[in-house]
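Working notes, beginning with the structure itself.
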Amino acid sequence: MKLNLRIWRQDGENSAGRLVDYKMDDVSPDSSFLEMLDLLNEDLIVNGDEPVAFDHDCREGICGMCSLTINGVPHGPERMTSVCQLHMRHFSDGETVVIEPWRAKPFPIIRDLVVDRTPFDRIQQAGGFISVRTGSAPDGNAIPISKEVADYAMDAAACIGCGACVAACKNASAMLFTAAKTSQLNSLPQGKAEKDRRVLGMVAAMDEAGFGNCTNYGECQAVCPKGITLDFIAQMNRDYAVASTKKLFGCAF
Amino acid sequence: MILDAKIPDGSIEDKWSNHKFSNKLVNPANKRKYNIIVVGSGLAGGSAAATLGELGYNVKCFCYQDSPRRAHSIAAQGGINAAKNYQNDGDSVYRLFYDTIKGGDFRSREANVYRLAEVSGNIIDQCVAQGVPFAREYGGHLANRSFGGAQVSRTFYARGQTGQQLLLGAYSALNAQIARGQVEMYNRHEMLELVLVEGHAKGIITRNLVNGAIESWSADAVILATGGYSTVFFLSTCAAGVNVTGAFRSFKKGAGFANPCYTQIHPTCIPQEGDHQSKLTLMSESLRNDGRVWVPKDPKVSEQLRNKDIRPRDVAESERDYYLERKYPSFGNLAPRDISSRSAKEACDKGRGVSYTGFGVYLDFEDAIGRLGQPAIEERYGNLFEMYERISGDNGYETPMMIYPAPHYTMGGLWVDYNLMSNVDGLFVLGEANFSDHGANRLGASALMQGLADGYFVVPYTVANYLARVGAGAPDPDGPAFKEAKASINDNLNKMLSVQGKRSARSIHIELGRIMWEYCGMARDDAGLKKALQLIPELREEFWSNVRIPGTGEQLNIELERAGRVADHLEFAELMCHDAHDRDESCGGHFRVEHQTDEGEAKRDDENFSHVSVWEHQGVNTAPVKHNEELVYESVTMATRSYK
Ligand SMILES: Cc1cc2nc3c(=O)[nH]c(=O)nc-3n(C[C@H](O)[C@H](O)[C@H](O)COP(=O)(O)OP(=O)(O)OC[C@H]3O[C@@H](n4cnc5c(N)ncnc54)[C@H](O)[C@@H]3O)c2cc1C
Ligand code: SF4
Ligand code: FES
């Protein structure tokens, strides 16, 4: 199939960017979106032009590295699908496809379609863990955890940290990402001890990194490749309310 | 090259305890005087960096991705083994140990494997405490599934995302230490050189992938946990960035490379479809718990299937060959990986393959769905069926899946002693990057176990022994050894950039992959390996005279990154073929066509090859020199593997 690509090119964080047109003549519908870009790059390189820089690694929808906005939608048109798992059979012959990086202030562009997502790591460092010294854990079966709770924690833990939720949100809010982690850890008996400290710390880090507020548009949930739902945000808001009330009244966590 | 495995005295059960007791310790107040570099943030590197930071060492951790959470371990699907015997089905530390030794076709080091089995239970405890959401039964206890090469159910899992969850656990522990300031994390930094000072590993040189800066880092010890090298085949189940660079450049600095030819071709991957393909996707082996593998008995029927004249469900039961069940009645579809892969190849080589290229067999869930109902199968493998459909366009509940073997894991790696230290003092190697535990074939769900065992439970003890011996004092990162290493890196990058030829590094990588798959893949022989040893240097020549890397080294340059990795693969591939050629026997995943039984099984030659082959670098375009570590079995008796 033939495609007209319009791709965001930008040399570095402080340079100006622009959309550049490329034509592809022979794209296999069975190839993946990233394989299509591989072919474009192959042509560019052989002709001495600079290839389009984009992030990717596992190409299996699990590492969270790939991060393209396709026709305005982070990860493109398929629901519950990261762009590395998107196949060209979902596009039509002759279509124009606009490819841009994540657009969010806290994620500055490094080059072309590559952005800097380290603020996500900083949110995790502010409490996205259970403090347990290596070697000091009790037997794995010492605390029974109901299947329902384990499943709920797993649903939340499925987040791949890609940042599509932020890119889709007009406030560049990181609530979905942050809530996925607080909900996972706060729902488990092992995580209860640090529940309040965790949610306060992570929300503060989120604000500090410049992510916006959540105003319930729900765009995040719509683009999330892993089905993380707004319910987790509601859960985080409840955890946050409890923790800040306790803090206000000076209760020990 | 001196290869002293430093296996402690005592019975196999006591070795690790004795060793921990006799090891030197670093006093808590002194730990902060020591600096440790950890390259890699996967299960092995992440868990090591977190634990060492927690103990009070100053740790610097490096990875090439934009976050430590994205290390390739994230992609592991099926599960992690541990000898907990929660299922009360007769499991024990000794059984896990024995299964691993046997699975590895008696080519691994007994003492290391026993220790791995011994600490396996602690790993599960640790991960549960971190909040890893393992699958549970209704009673609230941990669930298990079975994996290949074992007759007990000892694999713990978190849906089809076990690696992700374990890695996020290690990442969370790492984050706690980053927050405390004990670990400094350097993302998007690629290690390009190991630096030795007076024969000891004392630092590394990295390239900052964002701005191209070449930087020196010095430390008291260096830990490499850079993963495997399956990407030498170009097409593999691995992430695009997986590379041999860290290990290979250490090899060029004097570290021995052990058994490079031991590679694992995983039996259950989605078959290749066309030339556009950039990777092959694994379908977890756990599927073989319930899926049955078959091809038609008659090649003519296979041809009709390939041409889509008939559908798989049209093939009568009596016309099907469930070849694993037929050949290995007691393990059936759960035969180990090397055996299952070879059987698939054999069936397809005889014209009985069913995918349109002829290289594919069925993995059929019809019986399991009939027996347990579709919801039960969805609960177990839902995300895998989804993934299969997304890639192939077929619904695995309605029609059998198609699978074919693909390069997946590498058992070979840098040689290490019992302390996980290489022959270079101060250089420790963990996880898939070392060679020690899986012999000539790794059992499913054992790599995650090994990575975490190495990082959480082994290296934190053994590194202390080394540090206490040499004392604190990281060298000056601007000293002569570092300056020289930096200059040579810069030269190399400039040389690559200045070729300005006509071919992309990717196209050369694809060509290398074809050579390796053809001559050093699932079946190897003398003539083929000799051929590869002739073709690889020619291709390397082509690379250095005709590669084209646009842009400069002072910016994010994806082609420069790729070209550097391909250049290392082009040298490493030759080492692999030398090893495969030298090992004139078949064992585990290394199948030399000349050495097989009448039934086509791998035929070992214990008299001549019961050793680890450790290669020493002699310069590019010069054959490496081999040293042997003899394998001595005191606790198990070497036997011919049988899964019948
Ligand atoms: C698809 C798939 C499924 C699998 N499923 C299972 C399973 O179910 N059970 C099981 O036990 N095993 C499984 N495995 C194998 C297992 O996942 C790996 O062997 C294991 O995770 C390797 O861990 P590691 O820490 O050694 O390396 P990795 O996780 O590969 O980490 C390597 C790290 O090193 C860094 N790095 C590499 N090179 C450099 C460099 N030059 N400079 C700086 N940093 C560098 C990377 O950034 C990364 O952080 C699977 C493998 C694959 C491919
Ligand atoms: S919540 Fe979804 S969209 Fe956001 S980072 Fe996680 S996986 Fe990506
Ligand atoms: S490349 Fe890993 S999720 Fe897309």
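These protein sequence lines are chains W and U, in that order.
Just so you know, the numbering used here puts 564 at position 107 of the first sequence, and the rest follows in order with no gaps.
Just so you know, the numbering used here puts 1471 at position 63 of the second sequence, and the rest follows in order with no gaps.
Beta carbons: idealized from backbone N, C-alpha and C, even for Gly.
Own chain partners of residue i with C-beta closer than 7 Å, once the 5 adjacent residues on each side are dropped
i         : result
U:GLY1740 : LEU1732, GLU1733
U:SER1561 : GLN1495, ASP1497, ASN1552, ARG1553, SER1554
U:MET1593 : CYS1469, PRO1476, ILE1586
U:TYR2051 : TYR1736, SER1738, PHE1739, ALA1743, PRO1744, ILE1747
Between the CA atoms of residue j and residue i - distance to the nearest angstrom
i         : j         : result
U:VAL1605 : U:ALA1663 : 14 Å
U:ALA1578 : U:ALA1491 : 21 Å
U:SER1644 : U:SER1638 : 6 Å
U:ALA1519 : U:GLY1759 : 44 Å
U:ILE1488 : U:GLN1685 : 29 Å
U:MET1819 : U:GLY1768 : 25 Å
W:PRO531  : W:ILE519  : 16 Å
W:ALA613  : W:LYS638  : 7 Å
U:ARG1914 : U:GLU1969 : 11 Å
U:ALA1479 : U:ASP2006 : 43 Å
W:ASP478  : U:ASP1976 : 35 Å
W:MET663  : W:ASN673  : 17 Å
U:ARG1696 : W:ASP569  : 43 Å
U:SER1449 : U:GLU1598 : 12 Å
U:ALA1675 : U:TYR1770 : For clarity, residue 1675 of chain U is Pro in the given sequence; the question names Ala instead. So the two alpha carbons sit approximately 11 Å from each other.
U:GLY1486 : W:SER588  : 27 Å
U:ASP1417 : U:TYR1502 : 18 Å
U:CYS2059 : U:LEU1851 : This structure gives no information on residue 2059 of chain U, because the portion of chain U shown stretches from 1409 to 2052.
U:VAL2033 : U:ASP1987 : 10 Å
W:ILE600  : W:GLN647  : 9 Å
W:GLY669  : U:THR1960 : 36 Å
U:VAL1652 : U:GLY1936 : 23 Å
U:ASN1595 : U:TYR1472 : 6 Å
Alpha helix (DSSP H) segment containing residue i, residue limits
i         : result
W:PRO576  : 575-582
U:ASP1899 : 1888-1907
U:TRP1952 : 1934-1954
U:PHE1429 : 1423-1430
U:SER1748 : 1745-1757
U:VAL1871 : 1867-1878
W:ILE556  : Where W:ILE556 is concerned, there is no enclosing alpha helix (DSSP H), although the beta strand (DSSP E) it sits in stretches over 552-557.
W:THR639  : 632-644
U:THR1508 : 1501-1511
Endpoints, the beta strand (DSSP E) within which residue i is located
i         : result
U:GLU2024 : 2019-2024
U:TYR1770 : 1769-1772
U:GLN1672 : 1671-1677
U:ILE1445 : 1443-1447
U:ILE1785 : Counting along the chain, U:ILE1785 falls outside any beta strand (DSSP E), though it belongs to the alpha helix (DSSP H) covering 1782-1800.
Beta-bridge partners of residue i, as assigned by DSSP
i         : result
U:MET1829 : U:PHE1836
W:TRP465  : W:LEU476
U:ASP1729 : U:VAL1703
U:CYS1985 : The partner list for U:CYS1985 (beta bridge, DSSP) is empty, contrary to what the question assumes.
W:MET693  : Per DSSP, none; premise fails for W:MET693.
W:VAL530  : W:ILE527
U:PHE1376 : Residue 1376 of chain U cannot be examined here, being either before or after the span of chain U that is shown, 1409 to 2052.
U:SER1738 : Beta-bridge pairing links U:SER1738 to no other residue.
Cβ shell of residue i (< 8 Å), same chain only, five flanking positions each side left out
i         : result
U:PHE1865 : VAL1527, ASN1530, ILE1531
U:ILE2062 : As displayed, chain U neither begins before 1409 nor continues past 2052, which places residue 2062 of chain U out of reach and without an answer.
U:GLN1569 : GLN1485, ASN1791
U:ASP1729 : TRP1702, VAL1703, PRO1704, LYS1705, ALA1755, ARG1760
U:PRO1868 : ALA1456, THR1459, LEU1460, LEU1463
Residues near residue i by beta carbon distance below 6 Å, same chain, minus five either side
i         : result
U:ARG1714 : TYR1764
U:PHE1505 : VAL1521, TYR1522, ALA1525
W:LYS462  : A small correction: the amino acid at residue 462 of chain W is Leu; Lys does not occupy that position in the sequence shown. The residues are TYR479, VAL554.
Quick test of the definition: if touching needs 3 or more C-beta pairs under 8 Å, does the segment 1545-1564 of chain U touch the segment 1870-1890 of chain U?
The segment 1545-1564 of chain U makes no contact with the segment 1870-1890 of chain U; the number of CB pairs closer than 8 Å stays below 3.
At least three beta-carbon pairs within less than 8 Å, the segment 675-690 of chain W to the segment 609-625 of chain W: yes
Measuring CB atoms only, is the segment 593-606 of chain W touching the segment 1443-1459 of chain U, in the sense that at least three cross pairs come out at less than 8 Å?
no
Inset, instruction - Flag this pair as touching only if the segment 1607-1622 of chain U and the segment 1431-1439 of chain U have three or more C-beta atom pairs under 8 Å; answer yes or no. - result: Taking one beta carbon from each stretch, the segment 1607-1622 of chain U and the segment 1431-1439 of chain U have fewer than 3 pairs nearer than 8 Å; the two do not touch.
Check your understanding: If you pair each beta-carbon of the segment 1954-1971 of chain U with each one of the segment 561-579 of chain W, do three or more pairs fall below 8 Å?
Key -> yes
Practice prompt. Would you check if there are 3 or more beta carbon pairs closer than 8 Å linking the segment 2038-2047 of chain U to the segment 1720-1727 of chain U?
Written response: no
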